[in-house]
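Visitor:
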Amino acid sequence: MSAFVSVFVLSSLLAASPSDDPAGDTDLVEVSQTDDEEEPDEYGPFFEDEAPSDLEYLGRARPGRLPVLSLGEGSFCFVEGTYCKASLILSADIGAGIRAPASDEGPDVPYAQFTFRGGIAIRPAMIRPRKRKAWGSWGVGVVSSWSKGTGAVSFGSDDDFGDAKSTDATTTFRVAAINQMWLSKRNHAAHLDFTFGGARSEVLTSGVTLWGTHAEVGMGFGGWGGLFLSGDFLDRDTRVVLGFRGHGIAAGPIVAMALAGLAAGGAL
Amino acid sequence: MNLSLILTTGLLALQPAAETELQRPSDSAPTTAEAEAPAEEVVPAGEAAPAEGAAEEATPAEEVVAPAEAAPPADDEPAPSEVAAEPTETEPADPAPTATDGERYVVSAGAGGPPFYDAADTVALRARHGIEVEPLERTEGPRWRCLVADPACGHSFEVNALAAYTYRGRQGRVDGMGEDPRWSSGRAQYDFWMNLPVMREVVGDKLFSRMTLGPKGGLIFSDGGSTWGNLGMAFRYWMGRGRWAPTIEFSSALTFKIGERELKDAGLGDPKWKMTRGPLGFTADVGFGLGGFGAIVLGGQYDSPLAREEIPDQYRTSAGGAFFVGFRGNILWGGPAAAAVATHAITQRRVQAP
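Chains as they are written, first to last, in our numbering: chain A, 1 to 268; chain B, 1001 to 1354.
1) Excluding the five sequence neighbours on either side, which residues of its own chain have a C-beta within less than 8 Å of the C-beta of residue 1233 of chain B, listed in chain order?
2) Residue ranges of each beta strand (DSSP E) run of no fewer than 3 residues wholly in the stretch 78-120 of chain A, ordered along the chain?
3) With distance defined between alpha-carbon atoms, name the residue in B:1321, B:1224, B:1196, B:1210 nearest to residue 1305 of chain B.
4) Helix, strand or coil for residue 1189 of chain B per DSSP?
5) Let me know if residue 181 of chain A comes out buried or exposed under the rule of 16 or more other beta-carbons within 10 Å of its beta-carbon.
6) Using only the alpha-carbon positions, how far apart do residue 110 of chain A and residue 1246 of chain B sit?
7) How about residue 1188 of chain B and residue 1340 of chain B: do their beta carbons lie closer than 8 Å?
8) Distance check for residue 1183 of chain B and residue 1338 of chain B, CA to CA, integer angstroms please.
9) Find the residues of chain C that neighbour residue 1131 of chain B, judging by a C-beta separation of less than 8 Å, and give them in chain order.
10) What residue range does the beta strand (DSSP E) around residue 126 of chain A cover?
11) Which same chain residues end up closer than 6 Å to residue 1154 of chain B when comparing Cβ atoms and leaving out the 5 residues on each side of it in sequence?
12) Please report the distance separating the alpha-carbon of residue 1350 of chain B from that of residue 1222 of chain B.
13) Answer with yes or no whether the minimum CB distance from residue 1031 of chain B to chain A is below 8 Å.
14) Considering only the beta carbon of each residue, do residue 1218 of chain B and residue 1273 of chain B sit closer than 8 Å?
15) For residue 1145 of chain B, count neighbouring C-beta atoms within 10 Å of its own C-beta (all shown protein chains included) and say buried if the count is 16 or more, exposed if not.
16) Does any residue of chain B bring its CB to less than 8 Å from the CB of residue 238 of chain A?
17) Nearest-angstrom Cα distance between residue 232 of chain A and residue 226 of chain A?
18) If I measure Cβ to Cβ from residue 1346 of chain B and keep anything under 7 Å in the same chain, skipping five residues before and after, which residues do I get?
19) So if I threshold CB-CB distances at 7 Å, which residues from the stretch 1205-1239 of chain B count as touching chain A?
20) Given residue 173 of chain A, which residues of its chain have a CB within under 6 Å of its CB, disregarding the five upstream and five downstream residues?
21) Name the chain A residues that come within less than 7 Å of residue 1141 of chain B, Cβ to Cβ?
22) Can you check which of these residues, A:74, A:59, A:195, is closest to residue 175 of chain A by C-alpha distance?
23) Enumerate in chain order the residues of its own chain whose CB-to-CB distance from residue 1334 of chain B is below 6 Å, with the five nearest sequence positions on each side excluded.
24) Of all the residues that make up the stretch 139-159 of chain A, which are near chain B by a beta-carbon distance shorter than 8 Å?
25) Would the C-beta of residue 1199 of chain B count as close to the ligand NAD, meaning under 7 Å from any of its heavy atoms?
26) I'd like the span of the beta strand (DSSP E) that includes residue 1121 of chain B, first residue to last.
27) Please decide whether residue 1312 of chain B counts as near chain A, where near means a Cβ-Cβ distance under 8 Å.
28) Taking only runs that begin and end inside the stretch 173-245 of chain A, name each unbroken beta strand (DSSP E) of 3 or more residues, in chain order.
29) Identify the residues that DSSP records as bridge partners of residue 1301 of chain B: which are they?
30) Hey, is residue 1348 of chain B's beta-carbon within less than 8 Å of any beta-carbon in chain A?
31) In this structure, does DSSP put residue 1139 of chain B in helix, strand or coil?
32) Only counting the same chain, and skipping five residues up and downstream in sequence, which positions put a Cβ closer than 6 Å to that of residue 1181 of chain B?
33) When you check each C-beta in the stretch 233-261 of chain A against every C-beta of chain B, which residues fall closer than 7 Å?
34) Taking the CB atoms as reference points, tell me whether residue 241 of chain A and residue 113 of chain A lie closer together than 8 Å.
35) Would residue 1187 of chain B pass as an interface residue toward chain A - the criterion being a Cβ-Cβ separation below 8 Å?
36) Could you give the C-beta distance for residue 1330 of chain B and residue 1292 of chain B, rounded to a whole number, given that I count them as a contact under 8 Å?
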């Protein structure tokens, strides 16, 4: 009997454990989820908007703007942007570096060039979170460029400068595939560009035009400009150039002023 | 039996304790937000700021004052309630302390809604802490979407044009023939600047750039068709927050020759412009300006020689340099661009390099 009573008492005590804690008695705070669409699907720095700040510049850009110079709210942009699905690449650049022939063909000489480049890039893997702009980190495309650079110097042997020959200029045509990695979701975000393709140019002073390899690594700020390090690797003729480029819209005024000065000075 | 009692006692001990009487804000007592406002009512004007730090440490016991304890005090406003207790407890019979050192006491309990201070109180508070009595907080924003540099811009992009008088020189010829020529010329330079704020100033809730630094690149033209590219850095220090604030600018860049008009072709007719190789040189300049519109610039440039042993004599170039003084400005307001284009044109037509 006493054992039965004890078991009964124990069972009653266990059953009487409170199951519902009032919110005010614990530190737990219940989060009510009223709308499924408000729950973010993605996490991490790439998918979170910047935290708002109490401080701001008077000249702060207005948020929520569409990609600049675009059609269809970013379906096609004339200036590459973070939220563009397809973009036009149009730039002018200048750079300098070194031209290094094969060891017995001629000396290493400085090399400078200016280039006009055009192409198109798309974002094949756009992520479309709810209530947020579609965005993709990976861009891929094709670019083509034409450049004019300084000439080459070559000679038959190191001891005989009498056979030294040179060219006035070097013209190069390139076709390449471009891979982009966009690094943030800012409006004009920084992106890394890796370009690989072919270059067709006259090799040294031979007068023969051959195809070679073109490779480039660069960093851009939206579609407005950036820096690059590129190389053209032809038969016995290697050129490595470090330069900067600007979008046609940004470089246009500079080119126009330069041409105006040359024309007014009678050089054209 | 004993075991059952022990187990029963243990289970009773494990049961959650009865709910303690926690003090909660009731409907009649002021809430946290409301407690701040009535607490501020009795805070003497000008006493809130110093009292926040001192009162917390000196009078922790003052927290027993009822209005403060009814609601958990906010982290940023524990003192007003404590300060409210001070005059109440220490000077219950003195309604209005005399003003000293420019301070004013305003007892405005029941005098209506906030704010319970006026412009004179703000001036006295700023004077006590050494803050500008009348801060010149700029309200108008920059123009041209920050394409003209402005301290109210976080980062900006600009295109500048420089028109300058330059004194050029060449260090003779590498084969020892000829003299060291010196001649006066002109210089036109077009640069793209990217300005990033590296030192910012906060005024109220507004940010202003005090110092900017960023990459720059562009083209340089001089007589004889000399054309260089340049890539470097640009620095600007703002001595104010207005659109026309004085500035100190400094820029430097690596230069590389792109082309020039061949002198040896002069006897065969008009010399033609051609791509010309040249080793890296550098250019640097310092400027004093007004806003982002223009600056008086003083600078120089040095071109390295190309004279290695393996370079044939006919392809070697000698060292050269230049000093220049001129005016550099943003192209958007037209003047600098027109001056640079005119300088470029006049230099092409009038200057003949020796």
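In this text, a Cβ means the ideal position worked out from N, Cα and C, and glycines have one as well.
Guide: Taking the structure as given:
1) Closer than 8 Å at the Cβ level, and outside the excluded window around residue 1233 of chain B, lie 1213, 1214, 1215, 1216, 1251, 1252, 1253.
2) For the stretch 78-120 of chain A, whole beta strand (DSSP E) runs of length 3 or above, ordered along the chain, are 86-101.
3) The shortest C-alpha separation from residue 1305 of chain B is found at B:1321.
4) Annotated three-state conformation of residue 1189 of chain B is strand, per DSSP.
5) Residue 181 of chain A is exposed by the Cβ-count criterion.
6) Counting only the Cα atoms, residue 1246 of chain B lies some 40 Å from residue 110 of chain A.
7) Yes.
8) Near 24 Å, if we compare the C-alpha coordinates of residue 1183 of chain B and residue 1338 of chain B.
9) Note that chain C does not occur in the displayed structure, where the protein chains are A and B.
10) Element bounds for residue 126 of chain A: n/a, residue is neither H nor E.
11) Cβ neighbours of residue 1154 of chain B beyond the five flanking positions: 1197.
12) When rounded, the separation of the alpha-carbon atoms in residue 1350 of chain B and residue 1222 of chain B is 11 Å.
13) Residue confidence is low: residue 1031 of chain B scores 43 on pLDDT, short of 50, so the model does not pin down where it sits. Its coordinate-derived value is still stated next. No, residue 1031 of chain B lies away from the interface with chain A (no Cβ there is under 8 Å from its Cβ).
14) Residue 1273 of chain B is positioned such that its CB atom lies no closer than 8 Å to that of residue 1218 of chain B.
15) Counting Cβ neighbours within 10 Å, residue 1145 of chain B comes out exposed, since fewer than 16 surround it.
16) Chain B, which has no Cβ nearer than 8 Å to the Cβ of residue 238 of chain A, makes this no.
17) Each residue's alpha carbon lies about 19 Å from the other.
18) In the same chain as residue 1346 of chain B, and ignoring 5 residues on each side of it, the C-beta atoms closer than 7 Å to its own belong to 1186, in chain order.
19) If the cut-off is 7 Å between Cβ atoms, the stretch 1205-1239 of chain B has 1205, 1206, 1207, 1217, 1218, 1219, 1221, 1225, 1229, 1231 near chain A.
20) Within its own chain, the residues whose Cβ lies closer than 6 Å to the Cβ of residue 173 of chain A, once the five positions on either side in sequence are excluded, are 146, 200, listed in chain order.
21) By Cβ distance, chain A contributes 58, 59.
22) Of the candidates A:74, A:59, A:195, A:195 places its Cα closest to the Cα of residue 175 of chain A.
23) There are no such residues.
24) Within the stretch 139-159 of chain A, the residues whose Cβ lies closer than 8 Å to some Cβ of chain B are 148, 149, 150, 151, 153, 155, 158, listed in chain order.
25) Summarising the ligand content, the structure contains no ligands, and the ligand NAD is consequently not present.
26) Where residue 1121 of chain B is concerned, there is no enclosing beta strand (DSSP E), although the alpha helix (DSSP H) around it starts and stops at 1119-1128.
27) Under the Cβ criterion of 8 Å, residue 1312 of chain B is counted among the residues facing chain A.
28) Unbroken beta strand (DSSP E) runs of no fewer than 3 residues, entirely contained in the stretch 173-245 of chain A, are found at 190-202, 209-221, 225-234, following chain order.
29) Under the DSSP definition of a beta bridge, residue 1301 of chain B partners with B:1283, B:1322.
30) Judged by the 8 Å Cβ criterion, residue 1348 of chain B is in contact with chain A.
31) If DSSP states are grouped into helix, strand and coil, residue 1139 of chain B belongs with coil.
32) Counting only Cβ-Cβ distances below 6 Å, and skipping sequence neighbours, we find 1170, 1354.
33) Taking 7 Å as the Cβ-Cβ cut-off against chain B, the residues of the stretch 233-261 of chain A that qualify are 244, 246, 250, 253, 254, 257, 258, 260, 261.
34) In contact: residue 241 of chain A and residue 113 of chain A (Cβ atoms closer than 8 Å).
35) Chain A, which has no Cβ nearer than 8 Å to the Cβ of residue 1187 of chain B, makes this no.
36) Rounded, the Cβ-Cβ distance is 6 Å, consistent with contact.
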